[in-house]
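Visitor: Can you keep this structure in mind? I'll have questions shortly.
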Amino acid sequence: QVINIEVVHGRQIDYRPPPRDEKKIAERLRNVKTFLLEHTVRMKSDPSTSPSWFSFTPNVLGKPVQFREDSKNKNSGGGFGAVDIYYSAGLFKLASDEAFI
13 QVINIEVVHG RQIDYRPPPR DEKKIAERLR NVKTFLLEHT VRMKSDPSTS PSWFSFTPNV
73 LGKPVQFRED SKNKNSGGGF GAVDIYYSAG LFKLASDEAF I
């Protein structure tokens with residue numbers, strides 16, 4: 013399959029994606045699996061290394077904090093965020109007949 017892409021000022025190029033490689037697809041699926049596990053069931057639950065706006069009480073969100081204010085906190089967990097946005101997060105425990113949609 014060829015994809016026609018307009019680059020600049022009407023100039024176009026034809027791009028042919030590389031053939032699908034089963035090993036590469038398997039690697040990407042493993043990466044997705046690892047990401048999901050590390051951000052759900054394997055997530056560390058250490059309040060001393062988490063942002064102040066993260067709640068470890070199931071089904072309760074943490075108090076919203078502007079990232080700019082919390083980024084100065086050495087125990088905030090680090091990372092990047094939009095400095096003008098307020099963040100809040102928490103853990104959820106769902107019953108066997110409940111789901112997030």
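First residue of the sequence shown? That's 13 in the working numbering, and the numbers climb one at a time after it. Quick reminder that beta carbons are idealized off the backbone N, C-alpha and C, glycines included.
#1: With DSSP as the reference, label Glu18 as helix, strand or coil.
#2: What number of angstroms, rounded off, separates the C-alpha of Val14 from the C-alpha of Ala111?
#3: What are the start and end residues of each continuous alpha helix (DSSP H) run of 4 or more residues lying completely inside the segment 55–84, in chain order?
#4: Rounding to the nearest angstrom, what Cα-Cα distance links Gly93 and Tyr27 in this structure?
Guide: On the basis of the coordinates in this document:
#1: Under the three-state reduction of DSSP output, Glu18 falls in the strand class.
#2: 40 Å
#3: 79–82
#4: If I take the Cα positions, the gap works out to 34 Å.
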